[in-house]
Structures are given as C-alpha cells and as structure tokens.
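Trainee:
There are 2 protein chains.
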Amino acid sequence: MSQNGGGVDLETSLGYLLKEASSALRTAMEEVLRPLGMSVTHYSCLELLAQRPGLSNSELARGAFVTRQTMNVLLQALERDGYVTRPAEAPVGKVLPTRLTPRGRRSLEKATVAVRSVEVRMLAGMTETEQSDAFRILRSMIHSLRDGNDGT
Amino acid sequence: MSQNGGGVDLETSLGYLLKEASSALRTAMEEVLRPLGMSVTHYSCLELLAQRPGLSNSELARGAFVTRQTMNVLLQALERDGYVTRPAEAPVGKVLPTRLTPRGRRSLEKATVAVRSVEVRMLAGMTETEQSDAFRILRSMIHSLRDGNDGT
DNA sequence: GAATCTATGTCAGAATGCTGACATGAGTCA
DNA sequence: TGACTCATGTCAGCATTCTGACATAGATTC
Chain A
137 MSQNGGGVDL
147 ETSLGYLLKE
157 ASSALRTAME
167 EVLRPLGMSV
177 THYSCLELLA
187 QRPGLSNSEL
197 ARGAFVTRQT
207 MNVLLQALER
217 DGYVTRPAEA
227 PVGKVLPTRL
237 TPRGRRSLEK
247 ATVAVRSVEV
257 RMLAGMTETE
267 QSDAFRILRS
277 MIHSLRDGND
287 GT
Chain B
137 MSQNGGGVDL
147 ETSLGYLLKE
157 ASSALRTAME
167 EVLRPLGMSV
177 THYSCLELLA
187 QRPGLSNSEL
197 ARGAFVTRQT
207 MNVLLQALER
217 DGYVTRPAEA
227 PVGKVLPTRL
237 TPRGRRSLEK
247 ATVAVRSVEV
257 RMLAGMTETE
267 QSDAFRILRS
277 MIHSLRDGND
287 GT
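Just so you know, the protein sequences line up as chains A and B, in that order. Position in the first sequence (first residue = 1) + 136 = the numbering used here. Position in the second sequence (first residue = 1) + 136 = the numbering used here.
Quick look at the structure:
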C-alpha cells in the first residue's frame, strides 16, 4: 500500500520538521494528560499560574499561545470548578489577577509529573550541547519570525 | 528565578520553546495565507499532492498531522471547489487516489511563494551548520517521542 | 474457504479555538 | 481638561479539528 517512492522535498523543510516535532509533542502530552481529564491548554494555564501567580487573563493567553477569548472561556470553567480564583472586582484597571486554589495546585502536581516524563523522553539521547544548541536555534527562529515581520 | 522542585520551568523548557516556535511559525504562515483564502492545513494538503500525486485521504491526513476525518472534510470542500479530483470508485480497495487539478496547481503556486518567504525569514541569521543541527535535533526529538511509548 | 485483523472512507456530534464586536479603564498628548 | 490611543475582559457566532461509530476491502491465519 505504501509506495514510498523517491525522497520528497517536504522532507528537507525545517518548517515542516518543526511542525512534525510540535505535533509529536502535543500528541504525547495529550496522551498523558487525557487520563487526568486535562487538555494541553488547561495544563499550560495551571503551570503558568504556579510559576507566576497573579497573571491576568490576557497574560495567560499569551503564555499559552491562544487568544484571550479562548483563555477567558477556560478560566471561567476553571473558576467554576474551583481550580483558580479571581477577585470579583479589579484592584486596578480591568485586570483580574488569577491565582491557583489548593485544589488547582493538587491537580497540577499530577499533571506536572506526567508532562515532565514526556519532556524527559523527548530529550532522551540528546547531549547537553545539543540541548543548548536546540535552545539557541529555536530562539533564533522565533525571533526571526516575529521580528522580520515588517521589512524596514 | 522561582523553582518549583521537580516541576517544569517554562523559562528553560525545550518543550515550551518548541511550542512557542511552532506557534510563531503557524501565525506567520496564517498571515501570508489568509490573503489567499487558504488555511495552513489547506495549503499542506495541496503541497503534499503536488509532491506526491495520488495520495489517499488517510495518507494526506498523516502528512498534514490531522485525523483522516478532518482531512476528509477538507478534501470534500476542495473537490467541490475544483482544486482536486478523486475517482468516483476506488481502483483498488477503498483507497481513493487524489490529484490536483490545473486550478489547484495554480492556487498552490501563489501559496508556495508566500510560505517559502516565511521559511526563508525563519532561517535568517542561521548558519548552514545550525540548520543541519536543527534538522538532526528535531528528528531526534520526534523519534524519541514516538518510539519510547511507555516510560512510567 | 472462513474467521480474524488491519486499514480505509465516511457520517454525526462534541470540543476547542478563532474572529468580530463592544464597553471600560489607564496612559499620552495637546 | 478633553481627545486620542491602547490594552483588557467579555459576549456572540463561526471555523476547525477532534472522538465515536459504522460498513467495507484487503491481508493474514487456520
């Protein structure tokens, strides 16, 4: 069935490979988070709040790479289910600082273990040098994509 | 920086950085494809068909990193709009080999130029060595994620 | 030849994320 | 002070993708 013919140009594209790697990572994370009833964005939100308590909806959205509308829907669900808390009124401006509840922290702990195992697996077989290379290279890609937006 | 013993430090996590890079790439591609009325998956499908004519729905889905159900919906729309053709009946088994129409090929040409410019921008400032390093490292990540299935 | 397994195409419903839009609060500037 | 710009929170509608399910064709096994 698979007539895997000659090599294909897509196989030499770094963009395609980046997408493939991201897809593999996402799939692996979904696999370990599904038994916990948690999506990747769900986990990302909790992890962000654990490391930077008091983040606003918009800041969380940027950190999880979704729109603030999407994060707002998620936060409302998390608040309703008692994983996070937000003040009824904004202390300053319209920004509502969000914090994890003990329940949210407990839920995150299990997820963190699962996600860390995925990251460890991903890095298996990579040397320290390769890991720092990867870091530098990915940062370069991100910077070039975002910065070189407007020729000038 | 704040440590969360055993946790995943987002500032130093390669997984998080990979997601960030992928997000930046996707956003950049969407920006240049939107004026052409084309989504990333839409483009991926056409590009795959250009390089490997006759791919089936399931094969296209794997190549574009979506489910075969998702690709099926897209293919029906592309067929309806005259970008691709599929035989009414399967030559063998249930597999329906898909091919680009001249219209699909023309549409792809514009998109390819746009997407290539994004990839060029992403690689700006990277040496040949860094690019080959990136290739090897990303391939390693993909292999480790898919191979080491269970590591509890 | 029959049972079984795997892969495929497809339909239907649900989940997730996005764009558009609006009102509001804070900062900037004349 | 008032006009302007920008960021934020939020509601609504739409787009995209997913999971679940089913029937069918080919391969495998006995």
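Note that the Cβ used here is the ideal one computed from N, Cα and C, for glycine as well.
From the DSSP output, in three-state form, read off A/L172 for me.
Mentor: Numbered from 1 along the first sequence, position 36 holds the residue referred to as residue 172 of chain A. A/L172 falls in the helix class under three-state DSSP.
Trainee: If you measure from the beta carbon of B/N140 to each beta carbon in chain A, is any gap under 8 angstroms?
Mentor: Translated into the one-based positions of the second sequence, residue 140 of chain B becomes position 4. For B/N140, the predicted model reports a pLDDT of 40, less than 50, meaning its position is unreliable; a value from the coordinates is still stated below. Closer than 8 angstroms to some Cβ of chain A, the Cβ of B/N140 qualifies, so yes.
Trainee: Given this structure, state the Cα-to-Cα distance separating A/V231 from A/L191, to the nearest angstrom.
Mentor: Along the first sequence, read from residue 1 onward, the residue named residue 231 of chain A stands at position 95. Along the first sequence, read from residue 1 onward, the residue named residue 191 of chain A stands at position 55. For A/V231 and A/L191, the distance between alpha carbons rounds to 9 angstroms.
Trainee: Going along chain B in order, which residues have a C-beta closer than 8 angstroms to the C-beta of A/E156?
Mentor: In the first sequence, counting from the first residue as 1, residue 156 of chain A sits at position 20. Those within 8 angstroms of A/E156 in chain B are F201, L274 and I278.
Trainee: I'd like to know whether the C-beta atoms of B/L281 and A/R257 end up nearer to each other than 8 angstroms.
Mentor: Counted from its first residue, the second sequence places residue 281 of chain B at position 145. Counted from its first residue, the first sequence places residue 257 of chain A at position 121. Yes; because the gap between Cβ atoms is below 8 angstroms, this pair is in contact.
Trainee: Pairs of beta-carbons, one from the stretch 223 to 230 of chain B and one from the stretch 262 to 269 of chain B, closer than 8 angstroms: are there three or more?
Mentor: The stretch 223 to 230 of chain B is not in contact with the stretch 262 to 269 of chain B.
Trainee: Go through its chain and collect everything with a Cβ distance to A/E166's Cβ below 8 angstroms, but skip five positions before and after it.
Mentor: Looking up residue 166 of chain A in the first sequence gives position 30. Once the five neighbours on either side are set aside, the close Cβ partners of A/E166 are S175 and V176.
Trainee: Taking the beta carbon of A/G151 as the centre, do at least 16 other beta carbons fall within 10 Å, making it buried, or is it exposed?
Mentor: As a working note, residue 151 of chain A is residue 15 in the first sequence. Classification of A/G151: buried, given that the 10 Å Cβ count is 16 or more.
Trainee: Return the chain-ordered list of same chain residues with a C-beta closer than 8 angstroms to the C-beta of A/K246, the five sequence neighbours on each side being excluded.
Mentor: Mapped onto the first sequence, residue 246 of chain A falls at position 110. Correct list, in chain order: L172.
Trainee: Please say whether A/A200 and A/M207 have beta carbons closer to each other than 8 angstroms?
Mentor: Taking the first sequence and counting its residues from 1, the one referred to as residue 207 of chain A is at position 71. Taking the first sequence and counting its residues from 1, the one referred to as residue 200 of chain A is at position 64. Closer than 8 angstroms, so yes.
Trainee: What runs of the alpha helix (DSSP H), each 4 residues or longer, lie entirely inside the stretch 158 to 235 of chain B?
Mentor: With a minimum length of 4 residues, the continuous alpha helix (DSSP H) runs that stay inside the stretch 158 to 235 of chain B are 176 to 187, 193 to 200 and 204 to 216.
Trainee: Have a look at A/P189 and A/E195 and give me their C-alpha separation to the nearest angstrom.
Mentor: Against the first sequence, residue 189 of chain A aligns to sequence position 53. Against the first sequence, residue 195 of chain A aligns to sequence position 59. Those two C-alpha atoms are separated by around 11 angstroms.
Trainee: Flag A/Q205 as yes if its beta-carbon sits less than 8 angstroms from any beta-carbon of chain B, otherwise no.
Mentor: The residue given as residue 205 of chain A occupies position 69 in the first sequence. Answer no: the Cβ-Cβ gap between A/Q205 and chain B never drops below 8 angstroms.
Trainee: Leaving out five residues on either side along the sequence, give the residues of the same chain with a beta carbon under 6 angstroms from the beta carbon of A/I273.
Mentor: In the first sequence, counting from the first residue as 1, residue 273 of chain A sits at position 137. Cβ neighbours of A/I273 beyond the five flanking positions: none.
Trainee: Leaving out five residues on either side along the sequence, give the residues of the same chain with a beta carbon under 8 angstroms from the beta carbon of A/T203.
Mentor: Along the first sequence, one-based indexing puts residue 203 of chain A at 67. Contacts found: A197.
Trainee: If we ignore side chains and look at the alpha-carbon of each, how far apart do B/P233 and B/T221 end up?
Mentor: Locating residue 233 of chain B in the second sequence gives position 97, counting from the first residue. Locating residue 221 of chain B in the second sequence gives position 85, counting from the first residue. Whole-angstrom Cα-Cα distance: 9 angstroms.
Trainee: So, is A/E147 buried or exposed, given that buried needs 16 or more other C-beta atoms within 10 angstroms?
Mentor: Here residue 147 of chain A refers to the residue found at position 11 when the first sequence is read from its first residue. Exposed.
Trainee: In terms of residues, what are the limits of the alpha helix (DSSP H) holding B/M258?
Mentor: To locate residue 258 of chain B, count along the second sequence from 1; it is residue 122. Unbroken alpha helix (DSSP H) run through B/M258: P238 to L259.
Trainee: Hey, does A/I175 have any beta-carbon neighbour from chain B nearer than 8 angstroms?
Mentor: On the first sequence, position 39 is the one that residue 175 of chain A refers to. First, the residue type needs correcting, since residue 175 of chain A is Ser and not Ile in the sequence shown. It does not: the Cβ of A/S175 has no partner Cβ on chain B nearer than 8 angstroms.
Trainee: Please report the distance separating the alpha-carbon of A/Y179 from that of A/R241.
Mentor: Residue mapping note: residue 179 of chain A aligns to position 43 of the first sequence, counting from 1. Residue mapping note: residue 241 of chain A aligns to position 105 of the first sequence, counting from 1. Whole-angstrom Cα-Cα distance: 11 angstroms.
Trainee: So, is A/R209 buried or exposed, given that buried needs 16 or more other C-beta atoms within 10 angstroms?
Mentor: Here residue 209 of chain A is taken as the residue at index 73 of the first sequence, counted from 1. Per the sequence presented here, residue 209 of chain A reads as Val, with Arg not at that position. It is exposed - the Cβ of A/V209 has fewer than 16 other Cβ atoms within 10 Å.
Trainee: Looking at the structure shown, is A/L153 part of a helix, part of a strand, or coil, going by DSSP?
Mentor: Taking the first residue of the first sequence as position 1, residue 153 of chain A is located at position 17. Three-state result, A/L153: helix.
Trainee: For A/L169, count neighbouring C-beta atoms within 10 Å of its own C-beta (all shown protein chains included) and say buried if the count is 16 or more, exposed if not.
Mentor: Numbered from 1 along the first sequence, position 33 holds the residue referred to as residue 169 of chain A. Answer is buried; the Cβ neighbour count reaches 16.
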